[in-house]
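Read the structure below first, then the notes.
In the numbering used here, the protein residues as written are 1 to 74.
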């Protein structure tokens, strides 16, 4: 089993194509949780950041979307 790579909020934001402020907002809203700390910096697993980004965009275009979430089944 490999240990996941942890990134600072700024690096995670760059990888996900969002701003560091967006990462902080997702944490405030409970959409993203830090996986650790390094000094004062919060560290995040990249896969968690990508999942939060998918959720923020409505779960479109990828794996892990919820069936029926589009609202078109009614």
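Note that the Cβ used here is the ideal one computed from N, Cα and C, for glycine as well.
Pick from the options that is closest to residue i, judged by C-alpha positions
i          : options      : result
residue 23 : 43, 39, 58   : 43
residue 55 : 3, 15, 32, 2 : 32
Assigned secondary structure, residue i (DSSP; H/G/I helix, E/B strand, else coil)
i          : result
residue 7  : strand
residue 41 : strand
residue 66 : Because the pLDDT at residue 66 is just 42, under 50, the model does not fix this residue reliably, and the value given afterwards should be weighed accordingly. Note: residue 66 maps to coil in three-state DSSP.
Assumed close pair residue i, residue j - CB separation to whole angstroms, cut-off 8 angstroms
i          : j          : result
residue 47 : residue 18 : No, residue 47 and residue 18 are not in contact; Cβ-Cβ is about 15 angstroms, not under 8 angstroms.
residue 35 : residue 6  : 6 angstroms
Same chain only: Cβ atoms within 7 angstroms of residue i, ignoring 5 sequence neighbours per side
i          : result
residue 12 : 23, 44, 46, 49
residue 16 : 49, 50, 53
Spatial neighbours of residue i in its chain, beta-carbon cut-off 8 angstroms, leaving aside the 5 residues before and after
i          : result
residue 20 : 9, 10, 13
residue 71 : Because residue 71 carries a pLDDT of 46, less than 50, the predicted location of this residue cannot be relied on, and the following value inherits that uncertainty. Around residue 71: no qualifying Cβ.
Cβ-based neighbour list, residue i, same chain, cut-off 6 angstroms, excluding 5 preceding and 5 following
i          : result
residue 57 : none
residue 41 : 8
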